[in-house]
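Shown next, in structure tokens, is the structure this report addresses.
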Amino acid sequence: MNTKAYFGKFGGQFIPETAMFALEELEEAYKIIGQSKQFKEELNELLKEYVGRPTPLYHAKRLSEYYGHEIYFKREDLNHTGAHKLNNALAQTLLAKKMGKKKVIAETGAGQHGVATATAAALLGLECDVYMGEVDAKRQELNLFRMELLGAKVVVIKEGLRTLKEATTAAIQGWVNEIESVFYVIGSVVGPYPYPLMVRNFQRVIGDEAKKQLATKNIKADYVIACVGGGSNAIGIFTAFLDDESVELRGVEAGGLGVDTPYNAATLTKGRAGIIHGMKTIVLQDKYGKILPVHSISAGLDYPGVGPEHAHLFDIKRVKYEAVSDDECIKALKLTTKLEGIIPAIESSHALAYLDKLCPKLKNGKKNIVVNISGRGDKDMDSVRNYKKGTIYG
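Residues in the sequence shown are numbered from -5 upward in steps of one, following the working numbering.
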């Protein structure tokens, strides 16, 4: 392992020796197959014809009038399967097939990555197991059914908090047990190197498209906002703007019942450096280093760590990270739905809720603000319908 495995002081490969050869095999395959002209052409064709890219950059006119600034949505909710997750899942599954693997496994919280991986596996003819915590399986029951309909086996985890952290731990164990024949499709920019780098590169299509679309409209972005759990949609859109210091980047975490309570998943707001799921990053932990339980109404943001590149961008202060609560998230979801006729995912609604904090502070004329709508909210209707302020889910 060398410095390429790190973003600043975060990243690395903190895994058992028995799993090292699989990471070395993946790094080599990503470098040789994943960077080949044939792979890129085949993936780009699938992204265009199957996923539906490019997704639109939509001017949210009524929300712009409401906030007094120009609000644009990057519509990842319009991807096939309803979220940005398919960009990465399809790319990794295509790579797995070209490596000769017969089976892929994945972990999922909100179910979007599980559905995306099951979809890609069905398309490319591979077996698929998806690990999901029991609490998430209950609150995302529709997505569980979709995965099974697509031919995937859903492994429900009934240990610990029964959410994304436990599903990820179980998926890693499942991967180690069949490591020579199975490809682990990680759903975010987390895990040991080269996953954070590879997933970032498969998701950067979001920001690259948005930047081109803004240029076509002769618009200069002042702010780019995205929700952050593990952080794949955020890194996907931020990467295109990182070198332009005039564009302010905002990552929005899940504040749950409040960052001053134990019931949140605001990793960068409340955490510190530690090790989780094969990487060094910023982690919610107690004074003894034990990983803390997390809470969010959002199954997709309900994770006690964050991708190591986000930890680095936080450390060097290139991206500012703040948290919004469950209640602020639900209010933003309902406002966007009523004003724009778009029902965003609960995850994406965290990014939208940040507009309430940001816009009143902006001076010197109207600003151009891009919000990444990472997924659509169909899957969340039961959670929204049954939402009660202050509720602990699970």
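Glycine included, every Cβ here is placed at the ideal spot set by N, Cα and C. Please read all numbers here as calculations on a predicted model, not as lab measurements.
For Y178, DSSP records a beta bridge to I99. By the neighbour-count criterion, in which a residue is buried when 16 or more other Cβ atoms sit within 10 angstroms of its Cβ, K34 is exposed. Around P302, the same chain offers F1, F4, G5, P190, M273, K274 and T275 as residues with beta carbons nearer than 7 angstroms, after the five sequence neighbours per side are excluded.
If you compare the alpha carbons of L286, F235, L89 and T261 with that of E316, the shortest gap goes to T261. Under DSSP, S319 shares a beta bridge with G250. Beta bridge pairing from DSSP links T275 with G268. Residues V222, G224, G225, T261, L262, T275 and I276 of the same chain have their beta carbon placed closer than 7 angstroms to that of V300, with the five preceding and five following residues left out of the count. Nearest neighbour of T102 by Cα position, chosen from G94, G119, Q279 and D123, turns out to be D123. Across the structure, V183 and I336 are spaced so that their CA atoms are roughly 27 angstroms apart.
In the three-state reduction of the DSSP assignment, R379 falls in the helix class, which pools H, G and I. Rounded to the nearest angstrom, the gap between the Cα atoms of A164 and L40 is 30 angstroms. Taking the CA atoms as reference points, V365 sits about 13 angstroms from D350. Rounded to whole angstroms, V318 and P48 show a C-alpha spacing of 29 angstroms. In summary, N38 is exposed, with fewer than 16 beta-carbon neighbours lying within 10 Å of its beta-carbon over all protein chains present.
Residue state for R140 is assigned as helix, using DSSP reduced to three classes.
The count of Cβ pairs closer than 8 angstroms, one atom from the segment 245 to 254 and one from the segment 276 to 296, reaches three, so the stretches are in contact. In this model, H74 and K281 are separated by some 43 angstroms (Cα to Cα). Distances from the alpha-carbon of A112 to those of L143, K132 and V129 put L143 closest. The beta-carbon distance between V241 and I231, rounded to whole angstroms, is 11 angstroms. This is too long to meet the 8 angstroms contact definition. With respect to A110, L80 sits close: the two C-beta atoms are nearer than 7 angstroms. A residue is called buried when at least 16 other Cβ atoms come within 10 angstroms of its Cβ; F15 does not meet this threshold and is exposed.
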